[in-house]
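First the structure, in the form of structure tokens, and then the observations on it.
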Amino acid sequence: MTSSVQLTRQDIADMAAALHLPEIGVTDAQPFPELIAPLLAYEKRGRTGFEAGDLAARTQPSLWFPEAKSIVVAALPYMTPDGQALARSHPRGGLRGQASGYTYGQDYHEVLRDRLTQLQMAIAERLGRPVAGRIAVDTSPLVDRRVAERSGVGWVGKNGMLYSQRYGSYVFLGALLLDVEIADASAHPPAVGRHCGTCELCMTACPTGAIVGPGQLDATRCLSYITQMKGVIPRPFRKKMGRRVWGCDVCQTACPVNRLREAPDDSAFHPNAELAFPDLVELLQMSNRRFLRVYGETAMGWRGVRTLQRNALIALGNMGRVEAIPHIEPFLQSERAELRASAAWALGEIGGPDAVRLLLDARAVESDAQVQCEIADAIEAARKKTREREA
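Put into structure tokens, the structure is as follows:
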């Protein structure tokens, strides 16, 4: 039996606020035909493999959840005052890398999923009937930022990020698809950069030029993707990574809007300095078990220890510190080609007679053609750096 109780956007917002979801938008579950052309253009620029390939599934919510009548979108802020202070600080002591600000606290997938589950239960209690729903936190084929924009929870900037009016772009997005009609659901049209004016600081600041136009991203060049991709990091991006081991915040920190945002006080995202600036030597020495203990409940945990170790090797190469050589050496014998290649590149960037000797020994036993090329180039680079130091 269907309840006669009708929900409004404000009803949803009130229930959400009690569950520590301060920014809520609501839209209907109608298709998004206006997305087809931008998605086709995105495909031409290059897919990362993280997105669904079916355009119909990406633009029609009912294909993912047939019962959907409305979509509630939560923009959950994460950059606390302590997190902001930590992001602006510099690591002290040792060989330390850098991680994106969104990784400082608990894994947002779990936090948002839990709170949206509680919201669904609150809606069911309010209506006095079971409510069918489906939660999406980076897990649906839908275009999260476009769904969020249409819901009225925020607007999309020239960097392609969703901006909350209160919290800027430092927000996580989650959606709750419901079999419930909501009286005043929004249907905001797309308007990328409508609050950006003539500012293009995010576009010019991007280390790899991944923002190719207002709201247009070549995701295959984005360091956030590069640090999470599988395999060997393409050479053009290695130096651009600097000491990053996960993610990139440059387009957000360059944005003037983010300097005027509110800062939330959410215990789930209170920062851990060790996560912000990981000890690279410790990371290289981590077993799978220890990695899961340290990173398993963070947003960095899903790719596993080997991906972060690969990134740590690149970071050490960019630092060019000779004392890193003994910690890099064991990875020349790794069973994984991407780790051997990354170790070789790092030694080539550091240079010196010890690096050259290790690379020559590795070349003598290496059987993988791609890694052989990496080692050969690294030997040349290491010898060049050695000559420069001796000159």
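full-length UniProt numbering numbers the first residue of the sequence shown as 1 and each following residue consecutively.
Positions of the beta carbon are idealized from the N, C-alpha and C atoms, including for glycine.
On a predicted model such as this, the values are computed, not experimentally measured, just so you know.
Beta-carbon separation (whole angstroms), residue i vs residue j, contact threshold 8 Å
| i | j | result |
| --- | --- | --- |
| residue 412 | Ile211 | It is not possible to answer for residue 412, since the shown part of the chain is limited to 1 through 391. |
| Thr59 | Pro33 | 7 Å |
| Ala312 | Leu284 | 6 Å |
| Ala29 | Pro61 | 4 Å |
| Arg146 | Leu35 | 6 Å |
| Arg363 | Gln372 | 7 Å |
Under the three-state DSSP convention, the category residue i falls into
| i | result |
| --- | --- |
| Ser70 | strand |
| Ile135 | strand |
| Leu265 | The amino acid at residue 265 is misidentified as Leu; the sequence shows Asp. Residue state, collapsed to three classes: coil. |
| Gly213 | strand |
| Gly25 | strand |
| Gly83 | helix |
| Gly313 | Note on identity: in this sequence residue 313 is Leu, with Gly being the wrong assignment. Three-state result, Leu313: helix. |
| Leu177 | strand |
| Val322 | helix |
| Gly231 | coil |
Cβ-Cβ distance between residue i and residue j below 9 Å
| i | j | result |
| --- | --- | --- |
| Ala185 | Ser140 | no |
| Gly83 | Phe277 | no |
| Leu119 | Val137 | no |
| Gly152 | Gly304 | no |
| Leu95 | Leu339 | no |
| Arg150 | Thr253 | no |
| Tyr104 | Leu308 | no |
| Lys158 | Pro81 | no |
| Cys248 | Leu217 | no |
| Ala122 | Asp179 | no |
| Leu177 | Arg134 | yes |
| Arg221 | Thr204 | no |
Per DSSP, cross-strand counterpart(s) of residue i
| i | result |
| --- | --- |
| Leu163 | Strictly speaking, residue 163 in this sequence is Tyr, with Leu absent from that position. BP columns for Tyr163 point to Trp155. |
| Phe172 | Leu76 |
| Arg244 | Gln98 |
| Arg379 | Before going further, note that residue 379 is Ile rather than Arg in the sequence given. According to DSSP, which records beta bridges pairwise, Ile379 is partnered with nothing at all. |
| Asp279 | Arg96 |
| Leu358 | For Leu358, which the question treats as bridged, DSSP gives no partner whatsoever. |
| Ile182 | Leu7 |
> If you pair each beta-carbon of the segment 371-386 with each one of the segment 336-355, do three or more pairs fall below 8 Å?
Replying inline: yes
> Quick one: any contact between the segment 257-275 and the segment 149-166, if contact means 3 or more CB pairs under 8 Å?
Replying inline: yes
>> Count Cβ pairs between the segment 63-72 and the segment 232-251 that sit closer than 8 Å; are there 3 or more?
In response: no
> Counting pairs of Cβ atoms below 8 Å between the segment 352-365 and the segment 240-252, do you hit three or more?
Replying inline: no
> Pairing CB atoms from the segment 290-304 with CB atoms from the segment 314-329, are three or more of them under 8 Å?
Replying inline: no
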